[in-house]
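So the sequence lines, in the order shown, correspond to chains B and F.
Okay, so the first sequence: first residue is 1 according to UniProt numbering, each after it adds one.
Okay, so the second sequence: first residue is 1 according to UniProt numbering, each after it adds one.
Protein chains: 2
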Amino acid sequence: MGKITAGGTMSLDGYIAGPEESGFDLLFQWYGNGDVEFPSASPNVPPVRMSAASAELIKPEWENTGALLVGRHLYDMTNAWGGRHPMDVTTVVLTHQRPEDRPEDDENFVFVTDGGIKAAVAKAQQLAGDKNVAVNGGQMARQCLEAGLLDEFGIELVPVLLGSGKPLFAELGATPVQFDGPITVVEGTGVTHLRYRVKK
Amino acid sequence: MGKITAGGTMSLDGYIAGPEESGFDLLFQWYGNGDVEFPSASPNVPPVRMSAASAELIKPEWENTGALLVGRHLYDMTNAWGGRHPMDVTTVVLTHQRPEDRPEDDENFVFVTDGGIKAAVAKAQQLAGDKNVAVNGGQMARQCLEAGLLDEFGIELVPVLLGSGKPLFAELGATPVQFDGPITVVEGTGVTHLRYRVKK
């Protein structure tokens with residue numbers, strides 16, 4: 001079985017979004033400042049073009065991702081990525097109620113409405129097989145971490161101060177949480193990629 | 001003239017202190033988890049012992065520091081480090097009022113009561129000569145940055161989540177602020193040292 005991973009792009013002062021949902025242009029510059037193109041399976045999301053150094057790390061990570069796990073907020077906010085996630089894998093959505101316009105699960109989206117984070121992770125692992133499950137969204141990552149389900153955690157650290165906003169892992173319950181590592185450090189263009197292992 | 005530098009030891013979620021001034025044991029593990037001893041000029045502060053990798057970066061940084069600049073809060077909180085700062089250089093203190101028990105400046109402490117951050121930086125630069133000025137404390141670093149006086153900024157990133165607490169650069173006014181770099185990345189034991197240059 002693969003690993004459960006999570007992560008996010010973060011400012012130097014610890015925010016994954018600036019005040020009033022600002023700062024994404026600065027945080028995500030590294031998705032567009034290089035020559036290596038990553039195709040997108042979503043009709044709504046353009047391909048990203050990152051530096052060779054970033055791509056050398058990110059490409060195998062994406063290729064080794066067998067399923068995504070997201071919360072309903074991200075699913076709604078992205079309008080279901082127009083029908084399929086850019087990473088071209090099945091996306092498991094943890095939600096209280098299945099959306100009315102998707103009465104059946106399919107290869108694009110699978111909905112978990114009972115059993116909470118544990119059931120959602122189990123479903124995503126089943127779909128991912130030997131590959132990894134990538135958990136997206138701070139609240140989902142926090143729930144995985146608190147339930148002891150997270151194996152690895154990545155930060156894409158961007159050299160900008162946003163001053164305030166939405167912190168990574170907001171409202172984390174049982175703190176402090178210590179990690180091993182970084183097990184990987186890669187310097188991209190305008191971003192430092194850091195990978196940590198959750199202590200178990 | 002030397003550079004004006006600032007920095008701090010920060011958790012993965014962006015805090016330089018945990019809730020209710022907690023977390024220092026975790027944040028500052030890297031000051032005690034190695035074999036390379038740094039002597040302390042303060043009678044109140046024991047020597048630190050860091051990893052060889054950390055020491056290779058930090059030792060020349062400390063040797064190239066000609067003066068420190070701190071705020072009154074840090075001076076009071078440390079009880080003036082027992083008479084001299086551990087780094088064995090003159091410490092400039094920006095304060096509204098000179099402490100009663102130090103009527104005169106000396107080689108240990110110099111007080112700047114007029115002219116604010118600019119006057120304090122100028123005084124520290126005069127004392128430092130060709131060496132650098134290290135600015136300590138988040139509020140002082142913020143004031144230097146906002147006044148356009150900061151040249152470089154360092155983060156010692158520690159793999160722990162504190163959940164809440166005192167953010168780096170709290171109450172930063174003019175955001176976002178972008179940096180160049182990291183110009184240096186060093187993996188110590190239990191800490192990743194990152195150095196950035198302020199865009200001017």
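Note that the Cβ used here is the ideal one computed from N, Cα and C, for glycine as well.
*Classify PRO182 (chain B) as buried or exposed, calling it buried when 16 or more other Cβ atoms lie within 10 Å of its own Cβ.*
Within the first sequence, the letter at position 182 stands for residue 182 (chain B). Label assigned to PRO182 (chain B): buried.
*Spell out a yes or no on whether the stretch 133-149 of chain B and the stretch 5-24 of chain B are touching, meaning 3 or more CB-CB pairs, one atom from each, closer than 8 Å.*
yes
*Consider the Cβ of VAL36 (chain F): report whether some Cβ of chain B lies at a distance smaller than 7 Å.*
Taking the second sequence and counting its residues from 1, one reaches residue 36 (chain F) at position 36. No - not a single Cβ of chain B is within 7 Å of the one on VAL36 (chain F).
_Going by C-alpha to C-alpha distance, which of B:ARG72, B:ALA17, B:MET77 and B:ASP105 sits closest to PRO167 (chain B)?_
The count along the first sequence starts at 1 and reaches residue 167 (chain B) at position 167. The alpha carbon of PRO167 (chain B) has as its nearest neighbour, out of B:ARG72, B:ALA17, B:MET77 and B:ASP105, the alpha carbon of B:ALA17.
*Just grab the DSSP bridge partners of ASN79 (chain B) for me.*
Your numbering for residue 79 (chain B) matches position 79 in the first sequence. Answer by DSSP bridge pairing: none, since ASN79 (chain B) is not bridged.
*For GLY116 (chain F), which of helix, strand or coil comes out of DSSP?*
Start at 1 with the first residue of the second sequence, and residue 116 (chain F) comes out as number 116. If DSSP states are grouped into helix, strand and coil, GLY116 (chain F) belongs with the helices.
*Under 8 Å Cβ-Cβ, which residues of chain F neighbour ASP13 (chain B)?*
Translated into the one-based positions of the first sequence, residue 13 (chain B) becomes position 13. Here the neighbours are GLY14, PRO167, LEU168, PHE169 and LEU172.
*Taking GLY138 (chain B) as part of the beta strand (DSSP E), name the residues at either end of that continuous run.*
The residue given as residue 138 (chain B) occupies position 138 in the first sequence. No beta strand (DSSP E) holds GLY138 (chain B); the alpha helix (DSSP H) holding it covers 138-146.
*Nearest candidate by alpha-carbon position, reference GLU107 (chain B), set B:GLU100, B:ASP88, B:HIS193 and B:PHE24*: Counting from 1 along the first sequence, the entry for residue 107 (chain B) is found at position 107. Among B:GLU100, B:ASP88, B:HIS193 and B:PHE24, the Cα nearest to that of GLU107 (chain B) is on B:ASP88.
*Could you name each continuous alpha helix (DSSP H) segment of 4 residues or more that falls completely within the stretch 1-34 of chain F, going from the start of the chain to the end?*
24-27
*Interface residues of the stretch 146-160 of chain F facing chain B [CB-CB below 7 Å]*: ILE155, PRO159 and VAL160
_In the DSSP assignment, the beta strand (DSSP E) including PRO182 (chain B) goes from what residue to what residue?_
Within the first sequence, residue 182 (chain B) is the residue found at index 182, counting from 1. Looking at the DSSP string, the run of the beta strand (DSSP E) that includes PRO182 (chain B) is 177-187.
*Closest Cβ-Cβ distance between GLY82 (chain B) and chain F: below 7 Å?*
Walking along the first sequence from the start, residue 82 (chain B) turns up at place 82. Not an interface residue.
*Please go through the same chain and pick out, in chain order, the residues whose beta-carbon is closer than 6 Å to the beta-carbon of PRO86 (chain F), but skip the five residues on each side of it.*
Counting from 1 along the second sequence, the entry for residue 86 (chain F) is found at position 86. Excluding sequence neighbours, PRO86 (chain F) sits near SER40, ALA41, SER42 and VAL45.
*Can you list the alpha helix (DSSP H) stretches of 4 or more residues lying completely in the stretch 29-76 of chain B, in chain order?*
Listed in chain order, the complete alpha helix (DSSP H) runs (minimum 4 residues) inside the stretch 29-76 of chain B are 52-63.
_Quick test of the definition: if touching needs 3 or more C-beta pairs under 8 Å, does the stretch 146-161 of chain F touch the stretch 181-200 of chain F?_
yes
*Residues in its own chain within less than 8 Å of ASN33 (chain B) by CB, not counting five upstream and five downstream?*
Within the first sequence, residue 33 (chain B) is the residue found at index 33, counting from 1. Cβ within range, chain order: ARG49, MET50, SER51, THR189 and GLY190.
*asked:* Quick check: is the beta carbon of TYR31 (chain B) nearer than 7 Å to any beta carbon in chain F?
replied: Here residue 31 (chain B) corresponds to residue number 31 of the first sequence, with the count starting at 1. No, because no Cβ of chain F sits closer than 7 Å to the Cβ of TYR31 (chain B).
*Can you check whether the CB of LEU162 (chain B) is closer than 7 Å to the CB of THR175 (chain F)?*
Against the second sequence, residue 175 (chain F) aligns to sequence position 175. Against the first sequence, residue 162 (chain B) aligns to sequence position 162. Yes.
*Close-in-space but distant-in-sequence residues of the same chain around GLU187 (chain B) (CB under 7 Å, 5 per side omitted)*: Indexing the first sequence from 1 puts residue 187 (chain B) at position 187. Only ALA53 meet the Cβ criterion.
*Quickly, what does DSSP pair LYS166 (chain F) with across the bridge? List them, please.*
Indexing the second sequence from 1 puts residue 166 (chain F) at position 166. Answer is F:ALA17.
*Going along the chain, which residues of the stretch 103-130 of chain B sit with their C-beta nearer than 7 Å to a C-beta in chain F?*
none
*Report the neighbours of VAL185 (chain B) on chain C: residues whose CB is nearer than 8 Å to its CB, in chain order.*
Absence of chain C from the displayed structure is noted, the protein chains being B and F.
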